[in-house]
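Peer 1:
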Amino acid sequence: MLRSGSERVQLLNNYLTKMVIKKISLESPWAAVLVLLCLNLLGVKSQPLVPAIITFGDSTVDVGNNNYLPTVFKADFPPYGRDFKNHQPTGRFCNGKLATDIIAETLGFTNFPPAYLSPQASGKNLLIGANFASAASGYYDNTAILYHAIPLTQQLQYYKEYQSKLANVAGSSKASSILSEALYIVSTGSGDYVQNYYINPYLNKVYTPDQFSSILVSSFSNFVTDLYKLGARRIGVTSLPPLGCLPEAITLFGQGSSGCVARLNSDAQGFNKKINAAVSSLSKNLPKLKIAIFDIYKPLYDLSTAPSKNGFFEARRSCCGTGTVETAVLCNPKSVGTCPNATAYVYWDSVHPSEAANQVIANSLIFAGISLVT
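Now the structure itself:
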């Protein structure tokens, strides 16, 4: 196939960028991250470092799938999205960009992969990936079922549909190449605790937190194995955040304290230890799999416990409404007390970080996942 001069230059530029980042990352991962960020800030035009981003999970990465579901866990109304492009709500649980949006931009994407249930998920838009995440989903399928969200098992079924649609658009050979080189992101688990286990008498009486975490990690391992069998080779998995530092968790479980709830943070750390062990096992047992843990616990804990050291003013309360319990439908245009400037707040609503906090988190995740894109 003959290519124009500009196409050849762009391909060469992209190849050299990848080689430079790969070489630098072997010596200093932080330097490789710095190169990525500088290229992004300078507007250097090259092909993205991966052909597509494919995302599974919950409200931390949902970009609008729940807009099309009969669930209360939606974010397609103001003040959500007020700092996003065109100041419009999209279904993202944030005032602006999610951490994964920032990662996509840093990797060279000029458009974000569409929510799979949206009309935009068709034709050539599918070439850059798709987002299957659904707010209120989790590793435990019953969490999603409780709230009429998309269970992780159904997200995987939608991914199989996507594979067929992609082949129709790109051809089988190119589709196979896109899928094997794509970056896969899995971000879920918080809702299994906050929206299910902690408030579900059946679960928390039958299972200890340790037993419940083992169930979740087993589900995670099965999901990654299934995804691998379907062609995924580069997978980034987020850890649990410090559950006890979420404003909603402090309000509901803090017993009047204004600090993080230690018991909940301990549960998150126990889960994270197990999922790290599971990732190590999967790496050994699945040939050619690149998989990395995206640790969001530490950066969000640091922001939550020492906001002023990180350029923030408030971490105990979120920006939306009173900042104590408002999320989803409770964070709405009539919510009294919503802050005028979300950049001063670690949390946008009582569960989800602000765009400013997501920028800090994204920088950390890019560092953790540099091996996945080189």
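Once you know that position 68 of the sequence shown is 67 in numbering that gives the first Met the number 0, the rest is easy, because the numbers rise by one and skip nothing. Backbone N, C-alpha and C define an ideal beta-carbon position, used for all residues, glycine too.
Please list, in chain order, all residues of the same chain as K287 whose beta carbon is under 8 Å from its beta carbon, the five residues on each side excluded.
Peer 2: For the purposes of this step, residue 287 is taken as residue 288 along the sequence shown, with counting starting at 1. Excluding residues within five positions, the ones whose Cβ falls inside 8 Å are R232.
Peer 1: Please state if the CB of Y115 and the CB of A129 are separated by a distance shorter than 8 Å.
Peer 2: In the sequence shown, residue 129 corresponds to position 130, counting from 1. In the sequence shown, residue 115 corresponds to position 116, counting from 1. In contact: A129 and Y115 (Cβ atoms closer than 8 Å).
Peer 1: In the DSSP assignment, find the beta strand (DSSP E) that holds V359 and state where it starts and stops.
Peer 2: Taking the sequence shown and counting its residues from 1, the one referred to as residue 359 is at position 360. Per DSSP, V359 belongs to no beta strand (DSSP E); it is in the alpha helix (DSSP H), 354-367.
Peer 1: Rounded to whole angstroms, how far is the Cβ of K273 from the Cβ of S213, which I believe are closer than 8 Å?
Peer 2: The count along the sequence shown starts at 1 and reaches residue 273 at position 274. The count along the sequence shown starts at 1 and reaches residue 213 at position 214. That belief holds up - the Cβ atoms of K273 and S213 are roughly 7 Å apart, short of 8 Å.
Peer 1: Under a Cβ-count criterion, where at least 16 other Cβ atoms within 10 Å of its own Cβ denotes burial, should H351 be classed as buried or exposed?
Peer 2: To locate residue 351, count along the sequence shown from 1; it is residue 352. Label assigned to H351: buried.
Peer 1: What residue range does the alpha helix (DSSP H) around D211 cover?
Peer 2: For the purposes of this step, residue 211 is taken as the residue at position 212 of the sequence shown. First, the residue type needs correcting, since residue 211 is Phe and not Asp in the sequence shown. Note, F211: alpha helix (DSSP H), 208-228.
Peer 1: Using a threshold of 8 Å, state whether the C-beta atoms of A98 and L364 are closer than that.
Peer 2: Residue 98 sits at position 99 when you count from the first residue of the sequence shown. Residue 364 sits at position 365 when you count from the first residue of the sequence shown. Taking 8 Å as the Cβ cut-off, A98 and L364 qualify as a contacting pair.
Peer 1: Relative to the C-alpha of G107, which residue among I184, I127, F72 is closest?
Peer 2: Within the sequence shown, residue 107 is the residue found at index 108, counting from 1. Checking every option, the nearest Cα to that of G107 belongs to I127.
Peer 1: Name the DSSP bridge partner or partners of Y344?
Peer 2: Here residue 344 corresponds to residue number 345 of the sequence shown, with the count starting at 1. The partner list for Y344 (beta bridge, DSSP) reads E313.
Peer 1: Check whether the Cβ atoms of D100 and P88 sit closer than 8 Å, and answer yes or no.
Peer 2: Here the question's residue 100 lines up with position 101 in the sequence shown. Here the question's residue 88 lines up with position 89 in the sequence shown. Not in contact: D100 and P88 (Cβ atoms no closer than 8 Å).
Peer 1: Since I believe I184 is in contact with I52 (beta carbons under 8 Å), could you give me their beta-carbon distance rounded to a whole number of angstroms?
Peer 2: Position 53 of the sequence shown, counted from the first residue, corresponds to residue 52. Position 185 of the sequence shown, counted from the first residue, corresponds to residue 184. At roughly 7 Å, the Cβ-Cβ gap stays under 8 Å, so I52 and I184 are in contact.
Peer 1: So, is K96 buried or exposed, given that buried needs 16 or more other C-beta atoms within 10 angstroms?
Peer 2: What you label residue 96 is simply residue 97 of the sequence shown in a count that begins at 1. Buried, since its Cβ has 16 or more Cβ neighbours within 10 Å.
Peer 1: Do V345 and S303 have their C-beta atoms closer together than 8 Å?
Peer 2: As a first step, residue 345 is located in the sequence shown; it is residue number 346 there, counting from the start. As a first step, residue 303 is located in the sequence shown; it is residue number 304 there, counting from the start. Contact flag set, yes.
Peer 1: By DSSP, does R233 sit in helix, in strand, or in coil?
Peer 2: Along the sequence shown, one-based indexing puts residue 233 at 234. Note: R233 maps to strand in three-state DSSP.
Peer 1: When you compare only the Cα positions, how much space is there between V278 and G368?
Peer 2: Here residue 278 corresponds to residue number 279 of the sequence shown, with the count starting at 1. Here residue 368 corresponds to residue number 369 of the sequence shown, with the count starting at 1. Their backbone Cα atoms lie some 13 Å apart in a straight line.
Peer 1: Quick one: give me the first and last residue of the beta strand (DSSP E) that V278 is part of.
Peer 2: Translated into positions along the sequence shown, residue 278 becomes position 279. Not the beta strand (DSSP E): V278 falls in the alpha helix (DSSP H), residues 261-284.
Peer 1: Rounded to the nearest angstrom, what separates E180 and I149 at their Cα positions?
Peer 2: Position 181 of the sequence shown, counting from 1, holds the residue named residue 180. Position 150 of the sequence shown, counting from 1, holds the residue named residue 149. Spanning the two alpha carbons is a distance of roughly 26 Å.
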